[in-house]
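**Student:** This is the structure, below, for whatever I ask next.
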Amino acid sequence: MSRSTTSGPSQRMLRVGEQVRHALSETLQRGEIIDPMIENSVVSVSEVRMSPDLKIATAFISPLGAGDADVVVGALNRHAKFIRGRVSGALRQMKYMPEFRFRLDTSFDNFARINELLKSPEVARDLGDQNKNNDKDEE
0 MSRSTTSGPS
10 QRMLRVGEQV
20 RHALSETLQR
30 GEIIDPMIEN
40 SVVSVSEVRM
50 SPDLKIATAF
60 ISPLGAGDAD
70 VVVGALNRHA
80 KFIRGRVSGA
90 LRQMKYMPEF
100 RFRLDTSFDN
110 FARINELLKS
120 PEVARDLGDQ
130 NKNNDKDEE
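Spelled out as structure tokens, the structure:
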């Protein structure tokens with residue numbers, strides 16, 4: 000069996016990451032963590048990336064309704080061992096329970112920045128010139 004040379008995650012890593020994301024979301028939704036920063040905000044888990052050995056789960060979160068998102072991420076990292084214990088019931092089929100690391104999800108900010116760039120007058124001007132050239136080629 001030949002090994003793939005791509006550096007992307009394997010199918011197994013993606014599948015386990017999605018299972019961990021669901022279990023983590025359910026645990027956060029139940030409100031079992033006693034911390035004012037976590038209790039006063041809604042935490043959305045957008046993605047969980049697993050390490051190749053499936054022992055580390057990096058959860059990308061977006062806190063909604065919180066003043067400072069970094070404080071919520073810090074609170075989740077402080078309670079990572081407690082969360083690991085609560086999630087373990089939903090992930091009984093795993094050989095090793097992963098260690099959780101929480102990171103702020105900035106992908107939505109990146110999408111918004113790219114969207115604003117695409118709507119800028121300079122880009123619209125450049126795209127307008129390209130569209131005019133395409134119209135002339137079709138004639």
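So the sequence shown is numbered by numbering that gives the first Met the number 0: it starts at 0 and just counts up by one.
Every residue gets a Cβ at the ideal spot worked out from N, C-alpha and C, and that includes glycine.
Computed from a predicted structure; not experimentally measured.
Return helix, strand or coil for Ala89, following the three-state DSSP convention.
**Tutor:** If you number the sequence shown from 1, residue 89 lands on position 90. Looking at Ala89 - three-state DSSP - the assignment turns out to be coil, as it is neither helix nor strand.
**Student:** Apart from the five residues on each side of it in sequence, which residues of its chain come closer than 7 Å, Cβ to Cβ, to Arg112?
**Tutor:** Residue numbering aside, residue 112 sits at position 113 when the sequence shown is read from its first letter. Result list for Arg112: empty, nothing under 7 Å.
**Student:** In or out: Met0 buried (at least 16 other Cβ within 10 Å) or exposed?
**Tutor:** What you label residue 0 is simply residue 1 of the sequence shown in a count that begins at 1. Residue confidence for Met0 is low, a pLDDT of 48 falling below 50, so the modelled location carries little weight; the figure read from the coordinates is stated next. Answer is exposed; the Cβ neighbour count stays below 16.
**Student:** Report yes or no: do three or more beta-carbon pairs, one from the region 83 to 102 and one from the region 19 to 27, lie closer than 8 Å?
**Tutor:** Touching, yes, given that three or more Cβ pairs across the two stretches are closer than 8 Å.
**Student:** Under 8 Å between the Cβ atoms of Phe101 and Ala68?
**Tutor:** Position 102 of the sequence shown, counted from the start, is the residue given in the question as residue 101. Position 69 of the sequence shown, counted from the start, is the residue given in the question as residue 68. No.
**Student:** In the DSSP assignment, what are the bridge partners of Thr57?
**Tutor:** Position 58 of the sequence shown, counting from 1, holds the residue named residue 57. Thr57 pairs with Arg48 and Arg100.
**Student:** My output table needs one value for Ser43: the three-state DSSP class, helix, strand or coil.
**Tutor:** Against the sequence shown, residue 43 aligns to sequence position 44. If DSSP states are grouped into helix, strand and coil, Ser43 belongs with the strands.
**Student:** For a test of the three-state rule: what should DSSP assign to Pro62, helix, strand or coil?
**Tutor:** Indexing the sequence shown from 1 puts residue 62 at position 63. Pro62 falls in the strand class under three-state DSSP.
**Student:** Taking the alpha-carbon of Val41 as reference, which of Ala79, Leu116, Arg29 and His78 has the nearest alpha-carbon?
**Tutor:** By one-based count along the sequence shown, residue 41 stands at place 42. For Val41, the closest alpha carbon among the candidates Ala79, Leu116, Arg29 and His78 is that of Arg29.
**Student:** Which of helix, strand or coil does DSSP assign to His21?
**Tutor:** Taking the sequence shown and counting its residues from 1, the one referred to as residue 21 is at position 22. His21: helix per DSSP, three-state reduction.
**Student:** With respect to the alpha helix (DSSP H) encompassing Asp34, which residues constitute its N-terminal and C-terminal limits?
**Tutor:** Residue mapping note: residue 34 aligns to position 35 of the sequence shown, counting from 1. First-last for Asp34: undefined, no H or E at that position.
**Student:** By how many angstroms is the C-alpha of Asn114 removed from the C-alpha of Ala123?
**Tutor:** As a position in the sequence shown, residue 123 is number 124, starting the count at 1. As a position in the sequence shown, residue 114 is number 115, starting the count at 1. Each residue's Cα considered, the two are about 12 Å apart.
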